[in-house]
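Engineer: If you scroll down you'll find the structure; I have some questions about it.
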Amino acid sequence: MSHALLIENLGHAYGDTPVLRGVDMQLAPGDFMALIGPNGSGKTTLLRALSGILLPQQGKILIDGVDMRGDPVGAKGRLGMAIDPELLPGALTGRQCLTLFANIRGLPGVPDDSLALASTLAFMPWLDRLVEEYSLGTRQKLGILLGLVGSPPLIVLDEPMNGLDPVSAWAIKQHLVTLTRERGCAVLLATHALEVAERFITRAQLLLEGRCARHWDEPQLIAIRHDPTRSLEQAMVEALRELAA
Amino acid sequence: MATHLLHPIVAQTWLGFRNQLRAQLARPAESLFVALAWAAAAALAIFVYTRLPGEPIAAAIESAARSPWTSGVALAAFGFYTVRTPLLRLRAHLHRSWWAGLPIASARETRTLILLGVLLLAAIVLAADLVLLACAALVRNPDRWLAAARTIALLGLSSGGTLGLLGALRRGAATQASTRRRGHGVPLFRLPPLEHASLPTLAHWQRIETLRRFRAGGRWWQWLLLGLAIPAGISLPSLAGLVLMGVVLIWYGLAMTAARETIAKAARLTAATPLRFAAFAVASARYPILVAAVATLWGSLALLLQEAPRLFLIGWPLLMFGWVMLELAVAWHVRRQPRHAGLRLAVDIAAIAGAAQAFAPLAPILWAALLAWHYHRARKIP
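Chains as they are written, first to last, in my numbering: chain A, 64 to 308; chain B, -6 to 375.
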């Protein structure tokens, strides 16, 4: 079976400062993984590398079996990454942005799924307005909608709940769960909001100083959820203390 | 003046500049390239300066100096906008960005605006004086116009700049914050050839960015130069040709800059998508090429109205085509790091101009080689 994401021995440094030191990671179809770690642990660099924005100095990244180095266009075709709100073009409307991404993915138009999610997120009144008129939350919604266009096998989101109202945040989480369970999409969610992720994820990976320092699988996460005295946040803090000792 | 009297953005800017300088010095190869590029640009400027036709320029300045009120008002308008526009932008930034939420006394903002305004005013007065002295150095007997021209420039720019400063201080933050209005970038008519592209949104985006800049006044100092370049007693067809050529050049320059910047923005936006470079290149080339074609047509008409020599009529389309292709190749090449795009383009143009001066047939060969190199490098970007 092909992995939705397979990372082997990934390494990268900025100048003399190593940021990723031999990261290995696997996501099967249907996995919903939280990537957690303190600031400066290498999460952003890892996401930039696996989305093809940054060419890592060492290691291999396969998206749905396609090598990011050998066939970046093919690999990116199997990847959906939520767009940073700051990168959204103020001069275009939300619909034009969605059309652009649908065109890039070879779709005839904005998929019904995207429009349905836009409706759930109360984004429809904004669809034909210029992005420069959007609030932070509305931009965040559009960034997520762009990443989900075409429901690719691997979806990557970096702190997607920032600026979202509770109703929209709930809708996004439900939509991601549906994508993983019913469509077999894998989701990689980089977040600090562990209490938000804990209820939905099936796996969690702690990144520390550029290495995968700890991993929690589904049974472990279920055990944490069922124990009222424990939480993933607490587990992560304990793991960090252990590793620091 | 102590920094605590000024807005903290001054200290922040200074720190940013210092850090950037340190980072630049830590990359000696890149710094050397940038230094060489600036040296090449300076050499080109000196080269162009030494070959400027001194007498016609002196005659134009003398003619302007004979109409002190007209020239003075034009220069006052120039000074007014040169000082007022950046101050309003800064004020809008301070009232909209994260600075707005900080407890900063409004007096510090006012003092900062005054300081910046005075510095800007001094800079334009000094620059104008240097330009006049440089023009005077080109001719044998500048005494008959130099003193009058310097006085008019000093008085015009100072009065306009001072009014601009006062205007910027008076205008409320709420009203000056935005120069963009709804519908500001809506095209007047559709362009079906653009819509048939594989990615029509890219061309549409470039077009909107161009329209916004043009309708916001564009590079208004170019309009002023155009106004000052109109000689007295010119025939009506020549006047029409001159104005048309000026408008075409301003619009073309704006469109090229907007297209280049949009390419960089679009590249960043779509960096993680399966967009093939070939498709991106085709889609992002359509609008600039259309602009070049339209500029060629209108520019040719302008040259005909001015009864320009045949050589100009042949050279104009070649210039437009060569420029747009080079502009696009550079934009694609540096799309992930567009900071030095303008400088790279200037260096390439300087190299081609230098080659043309040394041995004319070398220029198209160098142009084609640069084009191929930029395109090759652009394709390599993942």
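Think of the CB as a built atom: it goes at the ideal place given N, C-alpha and C, for glycine as much as any other residue.
So if I threshold CB-CB distances at 7 Å, which residues from the region 114 to 135 of chain A count as touching chain B?
Structural biologist: Going along the region 114 to 135 of chain A in chain order, one finds S114, G115, I116, L118, P135 with a Cβ nearer than 7 Å to chain B.
Engineer: Would L284 of chain A pass as a contact of R277 of chain A if the rule is Cβ separation under 7 Å?
Structural biologist: No, these two residues do not count as a Cβ contact at 7 Å.
Engineer: Out of B:G246, B:C128, B:A120, which one is the CA nearest neighbour of L147 of chain B?
Structural biologist: The shortest C-alpha separation from L147 of chain B is found at B:A120.
Engineer: Quick one: using the 10 Å Cβ neighbour count with 16 as the cut-off for buried, is D228 of chain A buried or exposed?
Structural biologist: D228 of chain A comes out exposed.
Engineer: Report yes if the C-beta distance between T97 of chain A and T254 of chain A is below 7 Å; otherwise report no.
Structural biologist: Going by the sequence as given, residue 97 of chain A is Ala instead of Thr. For A97 of chain A and T254 of chain A, yes; Cβs fall inside 7 Å.
Engineer: Taking the C-alpha atoms as reference points, what is the distance between Q350 of chain B and A356 of chain B?
Structural biologist: Their backbone Cα atoms lie some 9 Å apart in a straight line.
Engineer: Reducing DSSP to helix, strand and coil, say where H75 of chain A ends up.
Structural biologist: DSSP places H75 of chain A in strand when its eight states are reduced to three.
Engineer: Tell me the DSSP secondary structure of T266 of chain B in three-state form.
Structural biologist: Reduced to three states, the DSSP call for T266 of chain B is coil.
Engineer: DSSP three-state call for G337 of chain B: helix, strand or coil?
Structural biologist: Per the sequence shown, residue 337 of chain B should be read as Arg rather than Gly. Looking at R337 of chain B - three-state DSSP - the assignment turns out to be helix.
Engineer: Give the residues of chain B in contact with F164 of chain A, contact being defined as C-beta atoms less than 7 Å apart.
Structural biologist: Chain B residues near F164 of chain A: T266.
Engineer: Terminal residues of the continuous beta strand (DSSP E) containing I124 of chain A?
Structural biologist: Taken as a continuous stretch (DSSP letters only), the beta strand (DSSP E) holding I124 of chain A covers 121 to 126.
Engineer: Measure the beta-carbon distance from R246 of chain A to S214 of chain A and round it to whole angstroms, keeping in mind my assumption that it falls under 8 Å.
Structural biologist: Yes, they are in contact, since the Cβ atoms of R246 of chain A and S214 of chain A sit about 6 Å apart, within 8 Å.
Engineer: Helix, strand or coil for A170 of chain B, going by three-state DSSP, please let me know.
Structural biologist: Here A170 of chain B scores only 43 on pLDDT, less than 50, and its place in the model should not be relied on; the value that follows carries that caveat. Residue state, collapsed to three classes: coil.
Engineer: Give me the Cα-Cα distance between D249 of chain A and T241 of chain A, rounded to the nearest whole angstrom.
Structural biologist: Note on identity: in this sequence residue 249 of chain A is Ala, with Asp being the wrong assignment. Their backbone Cα atoms lie some 11 Å apart in a straight line.
Engineer: How is the alpha helix (DSSP H) around F305 of chain B delimited, first residue to last?
Structural biologist: Unbroken alpha helix (DSSP H) run through F305 of chain B: 303 to 326.
Engineer: Could you tell me the distance, in whole angstroms, from the CA atom of A285 of chain B to the CA atom of V236 of chain B?
Structural biologist: Going by the C-alpha atoms only, they are around 18 Å apart.
Engineer: For R262 of chain A, count neighbouring Cβ atoms within 10 angstroms of its own Cβ and tell me buried if that reaches 16, exposed if not.
Structural biologist: Per the 10 Å Cβ criterion, exposed.
Engineer: Tell whether a beta-carbon distance below 7 Å holds between D127 of chain A and R141 of chain A.
Structural biologist: Contact: yes.
Engineer: Would the region 276 to 291 of chain B count as touching the region 320 to 330 of chain B if we require 3 or more Cβ pairs under 8 Å?
Structural biologist: Enough Cβ pairs lie closer than 8 Å, so yes.
Engineer: Provide the residue span of the beta strand (DSSP E) that contains D279 of chain A, from first to last.
Structural biologist: Note on identity: in this sequence residue 279 of chain A is Trp, with Asp being the wrong assignment. 274 to 279 is the extent of the beta strand (DSSP E) around W279 of chain A.
Engineer: Would you tell me roughly how many angstroms separate the C-alpha atoms of L296 of chain B and I97 of chain B, rounded to the nearest one?
Structural biologist: Taking the straight line joining both Cα atoms gives about 56 Å.
Engineer: For M187 of chain A, count neighbouring Cβ atoms within 10 angstroms of its own Cβ and tell me buried if that reaches 16, exposed if not.
Structural biologist: Per the 10 Å Cβ criterion, exposed.
Engineer: Give the DSSP bridge partners of I70 of chain A, in chain order.
Structural biologist: Answer is A:M88, A:I124, bridged to I70 of chain A.
Engineer: Residues bridged to G143 of chain A by DSSP?
Structural biologist: A:I218, per the DSSP bridge assignment.
Engineer: How many whole angstroms separate the CB atoms of L90 of chain A and A67 of chain A, which I take to be in contact at a CB cut-off of 8 Å?
Structural biologist: That belief holds up - the Cβ atoms of L90 of chain A and A67 of chain A are roughly 5 Å apart, short of 8 Å.
Engineer: Tell me which residues share the same chain as F270 of chain B and place their Cβ nearer than 8 Å to its Cβ, disregarding the 5 neighbours each side in the sequence.
Structural biologist: Here the set comprises W325, A371, R372, I374.
Engineer: Taking C-beta pairs closer than 8 Å, name the residues in chain A that I201 of chain B reaches, listed in chain order.
Structural biologist: Chain A residues near I201 of chain B: A154, L155.
Engineer: From what residue to what residue does the beta strand (DSSP E) around Q268 of chain A run?
Structural biologist: Here the beta strand (DSSP E) through Q268 of chain A covers 266 to 271.
Engineer: If you count every other CB in all the chains shown that lies within 10 Å of the CB of T162 of chain A, and 16 or more means buried, which is it?
Structural biologist: T162 of chain A is buried by the Cβ-count criterion.
Engineer: Going residue by residue through the region 141 to 228 of chain A, where are the continuous beta strand (DSSP E) segments of at least 3 residues, counting only ones entirely within it?
Structural biologist: Those beta strand (DSSP E) runs which fall completely within the region 141 to 228 of chain A and span 3+ residues are 142 to 144, 217 to 221.
Engineer: Examine the Cβ distances between the region 58 to 75 of chain B and the region 138 to 156 of chain B and report whether three or more of them are shorter than 8 Å.
Structural biologist: Yes, since at least three Cβ pairs between the region 58 to 75 of chain B and the region 138 to 156 of chain B fall closer than 8 Å, the two stretches touch.
Engineer: On a Cα-Cα basis, can you pick out the residue from A:N225, A:P216, A:G206 that is closest to K139 of chain A?
Structural biologist: Closest by alpha carbon: A:P216.
Engineer: Quick one: which chain B residues come within Cβ less than 8 Å of R202 of chain A?
Structural biologist: Neighbours of R202 of chain A on chain B: none; closest Cβ ~12 Å, over 8 Å.
Engineer: Over what stretch of residues does the beta strand (DSSP E) that includes I54 of chain B continue unbroken?
Structural biologist: Unbroken run through I54 of chain B is the alpha helix (DSSP H), 47 to 59; no beta strand (DSSP E).
Engineer: Where does the unbroken alpha helix (DSSP H) through I2 of chain B begin, and where does it stop?
Structural biologist: Taken as a continuous stretch (DSSP letters only), the alpha helix (DSSP H) holding I2 of chain B covers 1 to 18.
Engineer: Provide the residue span of the beta strand (DSSP E) that contains F95 of chain A, from first to last.
Structural biologist: Taken as a continuous stretch (DSSP letters only), the beta strand (DSSP E) holding F95 of chain A covers 95 to 99.
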